[in-house]
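Numbering (the numbering used here), first residue to last: 1 to 361.
The structure appears below as structure tokens.
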Ligand code: ZN
Ligand code: ZN
């Protein structure tokens with residue numbers, strides 16, 4: 001099959017022929033139909049987070065089940081599915097206490113004695129996030145998949161696989177935004193726009209989008225932001241504190257920078273909660289003024305993949321889309337083929353797109 005292979009830090013992905021094994025036991029072979037280009041992949045390409053090449057990146061996909069292992073019960077050939085990197089075991093303490101997104105199993109990879117899922121001329125190719133979605137096919141554990149309704153377009157379904165699940169989930173599941181509250185979202189890319197939509201769906205009264213790119217702020221307005229702050233012209237914390245008369249109830253950091261992580265905390269009002277979603281480069285620390293944690297009872301928390309229970313959440317988010325409450329069409333800025341993945345990274349880095357979706361069918 002054709003796949004985009006990561007050969008080393010700061011090198012373009014190369015389109016190569018890769019072999020994929022047959023599904024065994026609880027594994028499923030999925031024909032990838034659409035694969036979103038998420039910013040997290042770029043973090044690995046740029047070496048801000050480590051991953052061992054050669055590997056196939058990509059982790060935001062939807063497709064159709066082609067073949068299943070003999071112990072699979074969740075899906076069958078022909079089912080439309082979304083994949084999720086929150087592969088859960090169902091047996092560990094986190095799974096059993098309702099937090100499958102924090103599963104301790106390590107994503108249910110194949111065992112050390114088993115042949116690798118992906119190879120090229122007999123040598124292993126590393127599977128990224130237990131998915132590897134920049135490829136014509138994916139071989140995954142059945143607990144990496146949820147079956148979805150057939151009338152959901154797969155290009156839009158792909159976005160729910162990571163960015164939408166992460167952003168909407170951060171607002172609805174992690175922070176549990178209350179109706180009538182005030183919200184600030186730092187970063188209006190795919191995840192930030194999704195957090196804005198989560199806040200809108202939750203009934204927030206004031207949703208402030210913060211970014212430095214005018215076109216992204218315009219999209220943010222379209223998707224539910226009631227106010228915008230252009231952080232390229234002055235301190236966004238001061239502006240937010242002014243606009244809200246003392247700070248927001250909830251803030252979300254959806255970029256992955258030390259400065260915006262700290263700003264997300266600084267713009268909170270008394271009793272406010274900041275939720276960190278972005279991938280701050282490995283090893284970097286945030287500095288917070290501790291007195292606000294104590295006397296203002298502010299909170300700083302993280303959200304991984306929108307605190308999802310994705311088999312429950314993704315079908316709900318699809319219903320929101322079908323009802324017009326979750327807007328996905330507006331988030332797909334561009335479409336491309338697998339060969340366009342490097343251009344998609346460039347455009348994302350330049351702030352030109354919320355999302356490029358690569359079509360593989
Ligand atoms: Zn992602
Ligand atoms: Zn588990």
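We put the CB at the ideal spot given by N, CA and C, even for glycine.
Since the model is a prediction, treat every value here as computed from it, not as a measurement.
The residues 87 and 130, in chain order, have a CB closer than 6 angstroms to that of residue 107 in the same chain once the five nearest residues on each side in sequence are set aside. For residue 86, the Cβ stays outside the 7 angstroms cut-off from all heavy atoms of ligand 2. Exposure of residue 232 is indicated by the presence of fewer than 16 other C-beta atoms within 10 angstroms of its C-beta. For residue 16, DSSP records a beta bridge to 3.
Remark: the shortest separation between the CB of residue 59 and any heavy atom of ligand 1 falls under 7 angstroms. Segment contact: the segment 86–102 against the segment 32–52, fewer than three CB-CB distances shorter than 8 angstroms; contact not assigned. Look at residue 323 here: in three-state DSSP terms it is coil, with no helix or strand label. Judged by beta-carbon spacing, residue 302 lies beyond the 8 angstroms limit of residue 328, meaning their Cβ atoms are not closer than that value. Counting of Cβ neighbours within 10 angstroms places residue 22 among the exposed residues, the total staying below 16. In terms of Cβ geometry, residue 154 and residue 34 form a close pair [threshold 8 angstroms].
Assignment of residue 97 by DSSP, reduced to helix, strand and coil, places it in the coil class. In this structure, the beta-carbon distance from residue 135 to residue 18 falls below 8 angstroms. Its chain contains 258 as the residues whose beta carbon lies nearer than 8 angstroms to that of residue 285, once the 5 sequence neighbours on both sides are disregarded; these appear in chain order. Residue side-chain check: residue 83 keeps its Cβ at 7 angstroms or more from all non-hydrogen atoms of ligand 1. With respect to residue 336, residue 356 sits close: the two C-beta atoms are nearer than 8 angstroms.
Listed as beta-bridge partners of residue 230 by DSSP are 211.
Three or more beta-carbon pairs separated by less than 8 angstroms are not found between the segment 289–296 and the segment 163–175, which leaves the two stretches without contact.
A direct Cα-to-Cα measurement between residue 26 and residue 218 gives close to 45 angstroms. Taking all protein chains shown into account, residue 11 has fewer than 16 neighbouring C-beta atoms within 10 Å of its C-beta and is therefore exposed.
Annotation for residue 359: the continuous beta strand (DSSP E) segment containing it runs 356–359. Leaving aside the five residues that flank residue 308 on each side, the residues in its chain whose CB is nearer than 6 angstroms to its CB run, in chain order, 86, 101, 165 and 169. At the C-beta level, residue 45 and residue 65 stay beyond 8 angstroms of one another. Not one heavy atom of ligand 1 is found less than 7 angstroms from the C-beta of residue 89.
Within the model, the alpha-carbon separation for residue 71 versus residue 207 is close to 46 angstroms. Judged by DSSP in its simplified three-state form, residue 317 adopts helix. Secondary structure note for residue 81: it is in no alpha helix (DSSP H), and the uninterrupted beta strand (DSSP E) holding it is 80–83. The continuous beta strand (DSSP E) containing residue 35 extends over residues 27–36.
Collapsing the DSSP output to three states places residue 66 in a strand. As DSSP reads the structure, residue 137 sits in a beta bridge with 31.
Taking C-beta atoms under 8 angstroms as the contact rule, residue 187 and residue 255 qualify, at a distance of about 4 angstroms.
For residue 257, the CB stays at least 7 angstroms from every heavy atom of ligand 2.
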